[in-house]
Amino acid sequence: MKIVAALSTLVVLSFAAGAYSASPPNKEAYNISNAESYNAHFGNMDPNKDGKVNWQEFKAYFPKADEKSFSAIDSNKDGAIDHDEWHDFKAAYDLKHKD
Ligand SMILES: [Ca+2]
Ligand SMILES: [Ca+2]
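All residue numbers for the sequence shown refer to the working numbering, where the first residue is 1417 and numbers rise by one.
The structure is reproduced here in structure tokens:
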């Protein structure tokens, strides 16, 4: 029985570790001072509907945007913000539009 208990503890721990590493960045990680000015629907920022908002699209939608904020939201650093990254950003700042 001890082995079973140890195994289930291990399973719980690895699940917790997995959930932790998958948790989105928080406000401190983004460090964007004017985050509320980026409160928009993802689809509105992505006019060509390829599911990615690149810097040109971002800048066109937010003329005052700075590239530092853009790359902070682009958490996997592939040069574009995808829907998940946008959602994580808005969740971190509790912005109103949920998509
Ligand atoms: Ca696009
Ligand atoms: Ca990205």
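Note that beta-carbon positions come from the ideal geometry of N, C-alpha and C, so glycine has one too.
Suppose only complete runs of 3+ residues qualify. What are the beta strand (DSSP E) ranges in the segment 1433–1483, listed by chain order? For the segment 1433–1483, whole beta strand (DSSP E) runs of length 3 or above, ordered along the chain, are 1468–1470.
So what does DSSP say about D1498, is it helix, strand or coil? Note: D1498 maps to strand in three-state DSSP.
Through-space distance from D1510 to N1470, alpha-carbon basis: Between the C-alpha atoms of N1470 and D1510 there is a straight-line separation of about 23 Å.
With burial defined as no fewer than 16 other Cβ atoms inside 10 Å of the residue's Cβ, what is the status of S1485: buried or exposed? Buried.
Can you list the residues near ligand 2, meaning Cβ strictly closer than 6 Å to any non-hydrogen atom, in the order they appear in the chain? Here the list is D1490, N1492, D1494, A1496, I1497, D1498 and E1501.
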